[in-house]
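Structure record follows, encoded as structure tokens.
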Amino acid sequence: ELILMEDIRFPRTLGPEARSLLSGLLKKDPMQRLGGGPDDAKEIMQHRFFAGINWQDVYEKKLVPPFKPQVTSETDTRYFDEEFTGQTITITPPGQDDSMESFDSERRPHFPQFSYSASGTA
Numbered sequence: 001e002l003i004l005m006e007d008i009r010f011p012r013t014l015g016p017e018a019r020s021l022l023s024g025l026l027k028k029d030p031m032q033r034l035g036g037g038p039d040d041a042k043e044i045m046q047h048r049f050f051a052g053i054n055w056q057d058v059y060e061k062k063l064v065p066p067f068k069p070q071v072t073s074e075t076d077t078r079y080f081d082e083e084f085t086g087q088t089i090t091i092t093p094p095g096q097d098d099s100m101e102s103f104d105s106e107r108r109p110h111f112p113q114f115s116y117s118a119s120g121t122a
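In the numbering used here, the protein residues as written are 1 to 122.
If you want it as structure tokens, here you go:
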């Protein structure tokens, strides 16, 4: 309900370029959404938040990441907030009604045109 009705509230610490980018990406009307027009992703890439980004270098993987975590093992979680690492893990066995396809449009009225395919499955 809040997603559909409420305005987005940003932290005061968020800069104007980031605020503008997120506001554009999160427009409720898909036709007004940043990247939702005829220029598609180019509209996002040209946003002032990304000023100075050489997209060709991104495509060619020439950029050095500004931060590279130093992990000691596959289970090293020191870069994750304790809010998440402190949660209890619950493993729920998959059931036949767990996929998005099992929800008819009446059960998901707020997302009538939403579909999802996990990568590698479609």
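Virtual Cβ for every residue (Gly too), placed ideally from N, Cα, C.
Collapsed DSSP secondary structure at residue i in the structure displayed
{"i": "Leu63", "result": "coil"}
{"i": "Ile3", "result": "helix"}
{"i": "Leu14", "result": "coil"}
{"i": "Ile44", "result": "helix"}
{"i": "Val71", "result": "coil"}
{"i": "Leu26", "result": "coil"}
{"i": "Arg78", "result": "coil"}
{"i": "Leu21", "result": "helix"}
Integer-rounded CB distance, given that residue j should sit under 8 angstroms from residue i
{"i": "Lys79", "j": "Pro69", "result": "In the sequence as displayed, the identity of residue 79 is Tyr instead of Lys. About 5 angstroms; that satisfies the 8 angstroms criterion."}
{"i": "Gly35", "j": "Ile44", "result": "4 angstroms"}
CB of residue i within 8 angstroms of CB of residue j, strictly
{"i": "Phe67", "j": "Ala18", "result": "no"}
{"i": "Arg33", "j": "Lys42", "result": "no"}
{"i": "His47", "j": "Gly15", "result": "no"}
{"i": "Phe10", "j": "Leu22", "result": "yes"}
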